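Here the protein sequences line up with chains A and B, keeping their order.
Counted the way our numbering counts, the first sequence spans residues 61 to 633.
Counted the way our numbering counts, the second sequence spans residues 43 to 368.
Glycine included, every Cβ here is placed at the ideal spot set by N, Cα and C.
As the structure is a prediction and not an experimental result, all values here were calculated from the model.
Scroll down for the structure; my scribbles are underneath it.
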Amino acid sequence: MTKFNPIRIIAFGVLLAAVALAGCSQKEPAGMLRVGLSEEPRTLNIWLASDANSRKILSKIYQPLYQHDPETLELIPWLAADLPEYDPETVAYTVRLRGARWSDGAELTSSDVAFTAKLIKEFRIPRHYSRWKFVTRIETPDKRTVRFFLKNPKAIFRSRSLTIPIVQQKEWEDIVRIARTKEKPLAELLNHQVESPVGTGPFVLKQWREGAYLHMVRNPYFFGTGKTIAGRQLGPHITDIVVKIFGTSDVAILALKKGTIDMFWWGIQPGYLDDLRNQDDIHVYFSEKSALYFMGFNLRKPPSDDPHLRRAIATLIDKNFIISRILQGFGTEMYSIIPPGNRYWYYPEVEKYGAKLDRESRIRKAYDILTEAGYSWEAPPIDDAGAVIPASGIRLPNGQPMERFTILTPPADYDPHRAISGLMIQEWLRDVGMPAYSRPMAFSSLLQQVKGRHDFDTFILGCGKLSTDPDYLRIFFLSANDKPRGWNMSGYRNPEFDKLATESSQAMDREERQALVRKMQEIVLRDVPYYPIYDPLLIEAVRTDRFTGWVEMLEGIGNIWSFTQLKPISRDS
Amino acid sequence: MELRKYIFRRLIEIAIIFFVILTVLFLLFRLAPGDPVTRMVDPNMTPEDAEHLIEQLGLDQPIGLQYLYYVKNFVTGNFGVSFHYGQPVADIILNRLPNTVLLFTTSIILSALFGIFLGKIAAWRKGESTDTWMTIGALICHTVFLPWLALILIWLFAYKVGWFPLTGMISAEVWIDPEAGFLEKAWDIVHHMILPLGTLFMIHFGSYLLIMRSSMLDTLKEDYILTARAKGLEEKTIRNHHAAPNAALPVVTSVGLSLAFSINGGALTETVFTWPGIGRELVFSVSNNDYPLAQASFLLIAAVVLLANLVVDVLYAYLDPRIRYE
């Protein structure tokens, strides 16, 4: 008699069920694009959505008046019918709308645009308010025309204010009315749960099953369908987008290879490349990012308040080494604060410290800079015979020994590139006898120390997604922004820069502004409050067997142009 | 009567301990560096925006006042709104907790049943090859690095062989299909559950096997086992009815506490398998300085663990007549 053995029976049952289920094929309509995300979107409330994943979803639903051309990055009328008209007499912009409809079928009108702007101003919505606070009055002469009156000329109005997503007055006016009556109206507005956002974009949300997937379907009222905008015939030709969440990149890459998803909408680490390149039906895209990874100095205290020391440190940093060894070649050396991919504003003719020098030459040059500035050593890095030797005991120009010089970085589990770069820079600074110590610390602590307390020598941080408008150059270094939580983290104060920055923000002529922005880049790289290091390449991978037509631009292929132009590949062909 | 008094006394102790935890949690999160606003690395976020947001979140209030609101809200059952999601914390927990309980509780119950069963056999066959292999297997399973095991199982059974889905709890393709019925959806969940359940089972059952084996070996040396043998009882009866029930007592403690801790899920398991449970949320909420969500999650865990301790202690008295509460 056979003995009852529960292990065998359960194992057999599991195997049987698995095999049976493995045979069940999952249905995937030809027009359904399946996208992988690394994390679930935070919210569908556009005003709370400060995370990248929420913005990815919402950018397919809510649309702005203007988009950026994928090649030139010029403004392209989107919900607007043409470019805004500026009247210097009244300091007013006039925008005319094209005929567009919301996803509920209602017409987009100038009232919706005015409502959006007034909502931002009234509730002082973080991240948006600074782009609208200088608008004093909004008129809607007819349902297709909006006129914005500005307190004074603002260059960013075209590129930063008119590119915010427009919301429907009908959807939001009741929410706004209730929020106004609350003790904390902004909190009330941000905490409002949006379940079915009404937008003008190519897709509309059908279902969000939290923790599992989002399902978007084609918006039948999308204004762009069949139209040619910026020389591109728009669809969308895909019927659905299903967004799946993957907790780790490892599994997302397996899903891509297996065909469970058609695109992984997240930057891929170079370590996966060899594996992906061996797959016939996977294509890897390399895009420039609008990002800045940099070393920031604290100009409020010695020794980093000395520009000579900052220039010497800049000379010692071997960006080529960081790109080739730490980023494995997938990055660009940065010499200015504006990334090279932002071609109109980028100015390459700035001071390039230590460019193309070898290790010894860097040490010699840094030694010369420091010696001229009055630094001395117990054991200098260059001996009497001119040879490079281990240095120690560096002294400041006032004769005091240099104290521990700390380089704050995020921890390796947050960003290994910045953590390892910090360690390398530590070693390079020690080559000239500086008592440098790289100190990885939790990201929140790092930001609090740098932005809040201003208690640091140097830090390595990154801005992963800078706007195409260069106004951040002004924001980062304007004296007025040197305050707790302010973006002038270095405490840089230069009246010459402030004057240029203010002029640039008011220059309505693009070429005039370009000249001012170039001059600002020159000054920053002369004084080195920040020292730009690298701009990593964005690596993205897609399957090529189901869809074609991805559009490459700055910041990758996950742009509105791709999603409105992608076409399913006919299975018959 | 003694038991009632004991339970009453323990409940008062639990209430005091819980209040201490409530306070310590509040202080820990306030002492931790950063705040929910500092993390927003966006040049469009001006200092004025940040101050306004902090004021709207109530974080500009003196810490004593914040604490009073915190206690008052807790007592009235208001766990607040998540800073990160903008959703009521209770909704987030209620949404995620059943997924965690489903996976982790099932895995603990299954692994405990198998661990007790196999541990009993291993101890009974001490020194034989069955015991050796079971002990080695249990040690390997117990010490293996969970994310590594999970990824290997995913690679083998989901990617290479294709028996199971890669990750997640459900397949979008099944759930958005209007023709899919209840059974198909239920099977879909079971199908997704097999790999994470298998991983957790392998990790947990080894420890139960080892505890049971060790306890059983001690029990087998007891006088009443010798007495049973002297009475001429069958070996199987001695093993299953005299030794095993007594030896299982330490496992009961372990299972009870594991069940309690299972509500916090496992951040690693949930991350690798993209299982939408409370474990991942707990880690996110701490790293995002989402105080309301993190506090509520920890308080929930504390409450369940404290009560589970009490239940295990009471259960002991029923399982072991020698134990009396005075």
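Let me make sure I understand the geometry here. Which of A:594, A:153, A:494 has the alpha-carbon closest to that of residue 373 (chain A)? In the first sequence, residue 373 (chain A) corresponds to position 313, counting from 1. It is A:494 whose Cα lies nearest to the Cα of residue 373 (chain A).
Closest Cβ-Cβ distance between residue 534 (chain A) and chain B: below 7 Å? The count along the first sequence starts at 1 and reaches residue 534 (chain A) at position 474. No, residue 534 (chain A) does not count as interfacial toward chain B.
Specify, as a first and last residue, the run of the beta strand (DSSP E) that residue 242 (chain B) falls within. If you number the second sequence from 1, residue 242 (chain B) lands on position 200. Unbroken run through residue 242 (chain B) is the alpha helix (DSSP H), 224-262; no beta strand (DSSP E).
For chain A, check one thing: does any of its Cβ atoms lie closer than 7 Å to the Cβ of residue 98 (chain B)? Locating residue 98 (chain B) in the second sequence gives position 56, counting from the first residue. Nearest CB-CB separation between residue 98 (chain B) and chain A: below the 7 Å threshold.
May I ask you to report which of helix, strand or coil DSSP gives residue 444 (chain A)? Residue 444 (chain A) sits at position 384 when you count from the first residue of the first sequence. Correct three-state label for residue 444 (chain A): coil.
The region 137-169 of chain B: which residues have C-beta closer than 9 Å to a C-beta of chain A, in chain order? For the region 137-169 of chain B, which is checked against every Cβ of chain A, the residues closer than 9 Å are 137, 138, 141, 152, 155, 156, 159, 160.
Does chain A have any CB closer than 7 Å to the CB of residue 81 (chain B)? Position 39 of the second sequence, counting from 1, holds the residue named residue 81 (chain B). At least one CB atom of chain A sits nearer than 7 Å to the CB of residue 81 (chain B).
Going by beta carbon distance, what residues of the same chain come within less than 6 Å of residue 268 (chain A), once the five residues before and after it are set aside? If you number the first sequence from 1, residue 268 (chain A) lands on position 208. Same-chain partners within the cutoff: 274.
What does residue 253 (chain A) touch in chain B if you count any residue whose Cβ is under 7 Å from its own? Within the first sequence, numbered from 1, the residue matching residue 253 (chain A) stands at position 193. By Cβ distance, chain B contributes 129.
From B:115, B:240, B:68, pick the residue whose C-alpha is nearest to that of residue 146 (chain B); which is it? Working through the second sequence from its first residue, we reach residue 146 (chain B) at position 104. Residue 146 (chain B) has its Cα closest to that of B:240, out of B:115, B:240, B:68.
Proximity test, Cβ basis, 7 Å: residue 214 (chain B) and chain A: Sequence index remark: in the second sequence, residue 214 (chain B) carries index 172 (1-based). Interface criterion met: the Cβ of residue 214 (chain B) is under 7 Å from a Cβ in chain A.
Complete alpha helix (DSSP H) runs within the region 289-314 of chain B (minimum length 4 residues, chain order): The alpha helix (DSSP H) runs lying completely inside the region 289-314 of chain B and spanning 4 residues or more are 291-303, 309-314, given in chain order.
Going straight from the alpha carbon of residue 384 (chain A) to that of residue 178 (chain B), what length do you get? In the first sequence, the residue the question calls residue 384 (chain A) occupies position 324. In the second sequence, the residue the question calls residue 178 (chain B) occupies position 136. Rounded to the nearest angstrom, the two C-alpha atoms are 46 Å apart.
Return no unless some Cβ of chain B is closer than 7 Å to the Cβ of residue 630 (chain A). For the purposes of this step, residue 630 (chain A) is taken as the residue at position 570 of the first sequence. For residue 630 (chain A), the answer is no, since every Cβ of chain B falls outside 7 Å of its Cβ.
Taking 6 Å as the cut-off, is the beta-carbon of residue 246 (chain A) closer than that to any non-hydrogen atom of the ligand MG? Looking at this structure, you won't find the ligand MG or any other ligand, since it has none at all.
Provide the residue(s) that pair with residue 343 (chain A) in DSSP beta bridges, ordered along the chain. Sequence index remark: in the first sequence, residue 343 (chain A) carries index 283 (1-based). In DSSP, residue 343 (chain A) forms a bridge with A:602.
Taking the CB atoms as reference points, tell me whether residue 84 (chain B) and residue 187 (chain A) lie closer together than 7 Å. Reading the second sequence from its first residue, position 42 is the one you call residue 84 (chain B). Reading the first sequence from its first residue, position 127 is the one you call residue 187 (chain A). Result yes, Cβ atoms of residue 84 (chain B) and residue 187 (chain A) sit closer than 7 Å.
For the region 510-565 of chain A, list the alpha helix (DSSP H) runs that are entirely contained and at least 4 residues long, ordered along the chain. Unbroken alpha helix (DSSP H) stretches of 4 residues or longer found wholly inside the region 510-565 of chain A: 531-537, given in chain order.
Can you pull the chain B neighbours of residue 547 (chain A), defined as C-beta to C-beta under 7 Å? Taking the first residue of the first sequence as position 1, residue 547 (chain A) is located at position 487. Within 7 Å Cβ-Cβ: 85.
Can you find a C-beta in chain A that's less than 7 Å from the C-beta of residue 364 (chain B)? Counted from its first residue, the second sequence places residue 364 (chain B) at position 322. It does not; no Cβ of chain A falls within 7 Å.
In chain C, which residues lie with their C-beta within 7 Å of the C-beta of residue 282 (chain B)? Checking the listed chains, one finds no chain C in this structure; the protein chains it contains are A and B.
Are the C-beta atoms of residue 94 (chain B) and some chain A residue less than 7 Å apart? Along the second sequence, read from residue 1 onward, the residue named residue 94 (chain B) stands at position 52. True, the Cβ-Cβ gap to chain A drops below 7 Å.
Here's the rule I'm using: 16 or more other beta-carbon atoms within 10 Å means buried, otherwise exposed. How should residue 324 (chain A) be labelled? One-based indexing of the first sequence puts residue 324 (chain A) at position 264. With a threshold of 16 other beta carbon atoms within 10 Å, residue 324 (chain A) meets it and is buried.
With 7 Å set as the bound, which would you pick, yes or no: does the beta-carbon of residue 83 (chain A) sit closer than that to a beta-carbon of chain B? Translated into the one-based positions of the first sequence, residue 83 (chain A) becomes position 23. Here the model assigns residue 83 (chain A) a pLDDT of 47, short of 50, so the residue's position is not dependable, and the following value carries that caveat. Residue 83 (chain A) does not count as touching chain B.
At the 7 Å Cβ level, is residue 539 (chain A) part of the contact set with chain B, yes or no? In the first sequence, residue 539 (chain A) corresponds to position 479, counting from 1. In terms of beta-carbon proximity, residue 539 (chain A) stays away from the interface with chain B, with every pair separated by 7 Å or more.
Counting pairs of beta carbons, one from the region 325-343 of chain A and one from the region 213-225 of chain B, are three or more of them closer than 8 Å? No, the region 325-343 of chain A does not touch the region 213-225 of chain B.
Where residue 83 (chain A) falls, given that 16 or more other Cβ within 10 Å makes a residue buried: On the first sequence, position 23 is the one that residue 83 (chain A) refers to. In this predicted model, residue 83 (chain A) has a pLDDT of only 47, less than 50, meaning its place in the structure is not dependable enough to derive any value.
I believe residue 157 (chain A) touches residue 141 (chain A) by the beta-carbon criterion, under 8 Å. Please report the beta-carbon distance rounded to the nearest angstrom. Here residue 157 (chain A) corresponds to residue number 97 of the first sequence, with the count starting at 1. Here residue 141 (chain A) corresponds to residue number 81 of the first sequence, with the count starting at 1. About 6 Å; that satisfies the 8 Å criterion.
Delimiting residues of the beta strand (DSSP E) encompassing residue 267 (chain A): As a first step, residue 267 (chain A) must be located in the first sequence, where it is residue number 207. Counted as a single uninterrupted DSSP element, the beta strand (DSSP E) harbouring residue 267 (chain A) occupies residues 263-269.
Can you look up residue 590 (chain A) in the DSSP assignment and give me helix, strand or coil? Taking the first sequence and counting its residues from 1, the one referred to as residue 590 (chain A) is at position 530. Three-state result, residue 590 (chain A): strand.
Nearest to residue 327 (chain B) (by Cα), restricted to the options B:49, B:108, B:128, B:55: Counting from one through the second sequence, the residue named residue 327 (chain B) turns up at place 285. The shortest C-alpha to C-alpha distance from residue 327 (chain B) to any of B:49, B:108, B:128, B:55 is the one to B:128.
List the endpoints of the continuous alpha helix (DSSP H) containing residue 208 (chain B). Start at 1 with the first residue of the second sequence, and residue 208 (chain B) comes out as number 166. Run containing residue 208 (chain B): none; DSSP gives neither H nor E here.
Roughly how many angstroms lie between the CA atoms of residue 321 (chain A) and residue 208 (chain B), to the nearest whole one? As a position in the first sequence, residue 321 (chain A) is number 261, starting the count at 1. As a position in the second sequence, residue 208 (chain B) is number 166, starting the count at 1. Going by the C-alpha atoms only, they are around 11 Å apart.
Identity of the residue in B:101, B:111, B:160, B:204 nearest residue 234 (chain B) by Cα: On the second sequence, position 192 is the one that residue 234 (chain B) refers to. Measuring from the Cα of residue 234 (chain B), the nearest candidate turns out to be B:204.
Helix, strand or coil for residue 194 (chain A) per DSSP? By 1-based counting over the first sequence, the position of residue 194 (chain A) is 134. Coil at residue 194 (chain A), not helix or strand.
Could you please tell me which residues of the region 235-264 of chain A, in chain order, have their CB closer than 7 Å to any CB of chain B? Within the region 235-264 of chain A, the qualifying residues are 244, 246, 247, 250, 251, 253.
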